[in-house]
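Student: Counted the way the UniProt record's numbering counts, the sequence shown spans residues 1 to 413.
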Amino acid sequence: MGAVSEDAQYLAYGLSSSGSDWVTIKVMIVADKKTLPDTLSWVKFSSISWTQDGKGFFYSRYPAPKEHSELDAGTETNINLNHELYYHFLGTRQSEDILCWRDPENPKYLFSSQVTDDGKYLLLDIEEGCDPVNKLYYCDLSALPLGLGGYKDTKSMLPFIKLVDNFEASYRAVSNDDTEFTFISNKDAPKYKLIRVNIKEPGLWTDVLPESAKDVLESAYAVNGNQLLVSYLSDVKYVVQLLDLKNRDLAAPVTDRYWHSTGVPEMKIFREILVPGFDRSDFQVKTGHAWTSDYGCSDIKEEFEWLIKYSPLHNVRRPWEKPAGEACQYPPTMLLTADHDDRVVPLHSLKLLATMQYVLCTSINNSPQTNPIIARIDRKAGHGAGRPTQKMIDETADRYSFLAKMMGASWIG
């Protein structure tokens, strides 16, 4: 996470401790690499977007936990609620930051923001899960009578206007020419397209770059003032094209991500290898609530009934109790997790480990289960991103050593 101010004088960046999703935002002077005193805590799932004057930036955070002084951030298992959007003025304390948006009636919503290239508008992206859909609001920063400073020491939030107020499609801003905005969207286009709207006439949307018959539109960027750099995923490779932004008859080049949307929540295939969610009956802790669009929700009776059928934790069986002639055991197993993983909390791996060891080993005398069932718990590490090289080397060495030991393989060299 990081963003440079418009004048390239400052860099706002995020630091994570022990691999946790929790981030502390700091600010550096680019010229001499001096770090300013500004320190913003309890930031998670946030963007950083500077205002064009370079006086500060927008970011998202959660309210500080009541027990935050004793909390080892990243080890807690409670769900994060009430995401909030703030504006920070450089040189001020975090307690002075302006609360720009919150929605206590929808505590699971996630907010991110983007200041348009002309500095005039602030776009607010609102999501509620992992589905590629979002609401979209905007605020005309240039129309604020006293600017952002006028919201200091007030309880008023910014006057956002609702452009899209439903979760039916995804809208990602590409560019704007005053009130005319271009978005990349999957509205009636699962392979994505470019659409345009004048925010003064929000009911009139037009296609700028139609959906390709074959390829997936991955990204689009405005460059050189009047051109678009678009990237398609085509036959497992990327194809980049430079197109005229003002041409309303752009022709798409002639991957498919259908499976992710058409295969959910039907059970087709599972590819979880590292930090998986083994307990499907109660995976909605922490950020797990955002996965219900992929897996289903165990709070709903119908979905619980099929979740429990494949939940690894609830399907540990003694294979030797099958019909005669099928004597066997679980293969050598090493579960991998980390103590500060607050994305897929380690309780998933620890509960499965305890269940397997009890059901297969300690609950009976002379158990046929002689293959080891162990766990590797990385300390001061999180979900995987940003790990130092040494930790990656250590994990790889342990994995290969376990495989070699269990297979009786010999090392060469």
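From the three backbone atoms N, C-alpha and C, an ideal C-beta is built for every residue, glycine too.
1. With burial defined as no fewer than 16 other Cβ atoms inside 10 Å of the residue's Cβ, what is the status of SER212: buried or exposed?
2. Sorted by chain position, which residues of the same chain lie with C-beta nearer than 6 Å to residue 415's C-beta, five sequence neighbours on each side aside?
3. Cβ of VAL27 within 8 Å of Cβ of ALA8?
4. How close, in whole Å, do the beta carbons of HIS340 and ALA381 come, if the pair is a contact with beta carbons under 8 Å?
5. Quick check on TYR400: buried or exposed, where buried means 16 or more other Cβ atoms within 10 Å of its Cβ?
6. Let's test the definition: count the other Cβ atoms within 10 Å of the Cβ of VAL115 and tell me whether it reaches 16, buried, or not, exposed.
7. Out of LEU217, PHE402, PRO202, state which residue places its alpha-carbon closest to the alpha-carbon of LYS237.
8. Could you spell out where the alpha helix (DSSP H) holding TRP306 opens and where it closes?
9. Among the candidates LEU307, ASP215, SER17, LEU123, whose CA atom is the shortest distance from the CA of PHE160?
10. Return the chain-ordered list of same chain residues with a C-beta closer than 6 Å to the C-beta of GLN52, the five sequence neighbours on each side being excluded.
11. Can you pull the DSSP bridge partners for VAL43?
12. Return helix, strand or coil for TRP320, following the three-state DSSP convention.
13. Note down, in chain order, each residue of its chain lying with its Cβ closer than 6 Å to the Cβ of TYR221, except the 5 sequence neighbours on either side.
14. Hey, ILE199 and PHE183: beta-carbon distance below 8 Å or not?
15. Using the beta-carbon count (16 or more within 10 Å), is ALA173 buried or exposed?
16. Roughly how many angstroms lie between the CA atoms of ASN226 and CYS100, to the nearest whole one?
17. Return helix, strand or coil for VAL133, following the three-state DSSP convention.
18. Going by CA-CA distance only, name the one from GLU96, ILE126, PHE89 that's closest to ASP103.
19. State the beta-bridge partners of ALA213 as determined by DSSP.
20. By DSSP, does THR206 sit in helix, in strand, or in coil?
21. Measure from the alpha carbon of ASP398 to the alpha carbon of each residue in HIS383, THR333, LEU243, then state which is nearest.
22. Per DSSP, LEU228 is paired with what?
23. What I want to know is whether the C-beta of SER46 ends up closer than 7 Å to one or more non-hydrogen atoms of the ligand ADP.
24. Given this structure, state the Cα-to-Cα distance separating LYS405 from ASN166, to the nearest angstrom.
25. Near TRP42, what residues of its chain come up, given a Cβ to Cβ distance below 6 Å and the 5 sequence neighbours on each side ignored?
26. Using a 10 Å radius around the Cβ and a threshold of 16 neighbouring Cβ atoms, would you call SER363 buried or exposed?
27. Does the beta-carbon of GLU305 have 16 or more other beta-carbons within 10 angstroms, so that it is buried, or is it exposed?
28. Could you give the distance in angstroms between the alpha-carbon of GLU168 and the alpha-carbon of GLN241?
29. Going straight from the alpha carbon of LEU360 to that of LYS322, what length do you get?
30. Measure how close the beta-carbons of LEU335 and LEU353 come, nearest whole angstrom, since I'm counting them as under 8 Å.
31. Do ILE25 and TYR59 come within 8 Å of each other at the CB atom, strictly closer than that value?
32. Quick check: what's the CA-CA separation for THR355 versus SER18?
Tutor: A quick look at the data gives this:
1. buried
2. Residue coverage of the chain in this structure runs from 1 to 413, which leaves residue 415 outside it and unanswerable.
3. no
4. 6 Å
5. exposed
6. buried
7. LEU217
8. 301-310
9. LEU123
10. GLU6, GLY119
11. VAL23, ARG61
12. helix
13. LEU229
14. no
15. buried
16. 32 Å
17. coil
18. ILE126
19. Beta-bridge pairing links ALA213 to no other residue.
20. strand
21. THR333
22. ALA222, LEU243
23. The ligand ADP is not part of this structure, which contains no ligands at all.
24. 54 Å
25. ARG61, TYR62, ALA64
26. exposed
27. exposed
28. 28 Å
29. 14 Å
30. 6 Å
31. yes
32. 28 Å
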